[in-house]
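Take a look at the structure set out below.
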Ligand SMILES: Cc1cc2nc3c(=O)[nH]c(=O)nc-3n(C[C@H](O)[C@H](O)[C@H](O)COP(=O)(O)O)c2cc1C
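Numbering (the numbering used here), first residue to last: 12 to 222.
Here's what the structure looks like:
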C-alpha cells in the first residue's frame, strides 16, 4: 500500500473569527459538546505530553474528567511515569484529535495535583473494579506476566471485600491550567483555519495562524 497516496480533502466546515467565543474554555465546551453529538469514539480522550529531566518528551492518552475556567482535569497514578515527569516539570501539552470532525485542539499549560477531597469525589464515582484495579497496578512499572497482574487484582479484591474501596495514596487528579489553546478546523487544499488563544494579564488574545 502506498501510504503517500492516502489523502482526503477537509471540507466539513469553516472556522471564522466571528464564530469564536471570547473565552477559549467556552469555545472548547462548544466543540466538546459537538464532538459528543457527532458520536465520536472517546470524545474526551486527550493526548497528554510531558517531558523528563533531559527534556525528552513522552505522550499518552488520558481522559478529560472535568473542565472549568480553572483548567482541564484528568486522573492517574501519581507514581506513574507521567506523574513523575510532571513533578519535575509541570509544563505539559494536551491534544484532542477529533479527526472525524476534521478538528484538533492543542493546549499548553501547567499541571498541578488536585487535593485529596476533589480526587476522592471522583474516585468514589468510579466502578468498584476500576477502584480495585487502581490498587492492583503500579502504573508504568515492569511486570513479568498478565497472570501476576490478575493475581494482584484478586488479592486487592479480597483485601477490600467489605465496604468502600479507599482512595490509594498513589492516585490523584491533575488540573492543567491553560496558557494557550489552539482550535484547528481542516480546510480545502490544506488551507486550514487555525485560531490561537493566548492568556494575557487581562484576558485572552486571539490570533489567526497560517496553516
Ligand atoms: C482511551 C484511553 C484512555 C486512557 N485514560 C487514562 C486515564 O484517564 N488515566 C490514566 O492514568 N491512563 C489512561 N490511559 C492509559 C495511558 O494512556 C497510559 O498508558 C498510562 O497512563 C501510563 O502512562 P505513563 O506510563 O506514561 O505514566 C488511557 C489510555 C487510552 C487508550
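Just so it is clear, CB atoms sit at the ideal spot from N, CA and C, and this is done for glycine as well.
{"Item": "In the DSSP assignment, what residue or residues form a beta bridge with residue 74?", "Value": "56"}
{"Item": "Going by CA-CA distance only, name the one from 177, 56 and 14 that's closest to residue 110.", "Value": "56"}
{"Item": "Please state if the CB of residue 150 and the CB of residue 91 are separated by a distance shorter than 7 Å.", "Value": "yes"}
{"Item": "Less than 6 Å between the CB of residue 74 and some heavy atom of ligand 1, yes or no?", "Value": "yes"}
{"Item": "Might you give, ordered along the chain, the residues of its own chain that have their beta carbon closer than 7 Å to the beta carbon of residue 100, omitting 5 neighbours on each side?", "Value": "62"}
{"Item": "Do you know offhand how far residue 104's Cα is from residue 60's?", "Value": "5 Å"}
{"Item": "Residue 14 to residue 130, Cα distance in whole Å?", "Value": "44 Å"}
{"Item": "Looking only at DSSP bridge pairs, what is residue 85 linked to?", "Value": "185"}
{"Item": "Tell me where the alpha helix (DSSP H) around residue 49 begins and ends.", "Value": "It is not in any alpha helix (DSSP H) - residue 49 carries neither H nor E in the DSSP assignment."}
{"Item": "Regarding residue 93 and ligand 1, is the C-beta to nearest heavy atom distance less than 6 Å?", "Value": "yes"}
{"Item": "Beta carbon of residue 220, beta carbon of residue 202: below 7 Å?", "Value": "no"}
{"Item": "Bridge partners for residue 122 per DSSP, in chain order?", "Value": "187"}
{"Item": "By how many angstroms is the C-alpha of residue 147 removed from the C-alpha of residue 35?", "Value": "38 Å"}
{"Item": "Taking DSSP as the reference, what is the three-state secondary structure of residue 37?", "Value": "helix"}
{"Item": "By a C-beta neighbour count over all protein chains shown, 10 Å radius and 16 as the cutoff for buried, is residue 38 buried or exposed?", "Value": "buried"}
{"Item": "Give every residue of the same chain whose Cβ lies closer than 6 Å to the Cβ of residue 167, excluding the five residues on either side of it in the sequence, and list them in chain order.", "Value": "143, 146 and 147"}
{"Item": "Determine the direct distance from the alpha carbon of residue 194 to that of residue 30, and round the result to whole angstroms.", "Value": "11 Å"}
{"Item": "When you compare the CB positions of residue 70 and residue 84, do they come within less than 7 Å of one another, or not?", "Value": "no"}
{"Item": "Give me the Cα-Cα distance between residue 157 and residue 165, rounded to the nearest whole angstrom.", "Value": "12 Å"}
{"Item": "Opposite residue 10 in the DSSP bridges: which residues?", "Value": "Given that the chain is displayed from residue 12 to residue 222, the structure contains no residue 10 and the question cannot be resolved."}
{"Item": "Pop quiz: residue 46 and residue 112 are said to be a contact at Cβ under 8 Å. What is the actual Cβ separation, rounded to whole angstroms?", "Value": "6 Å"}
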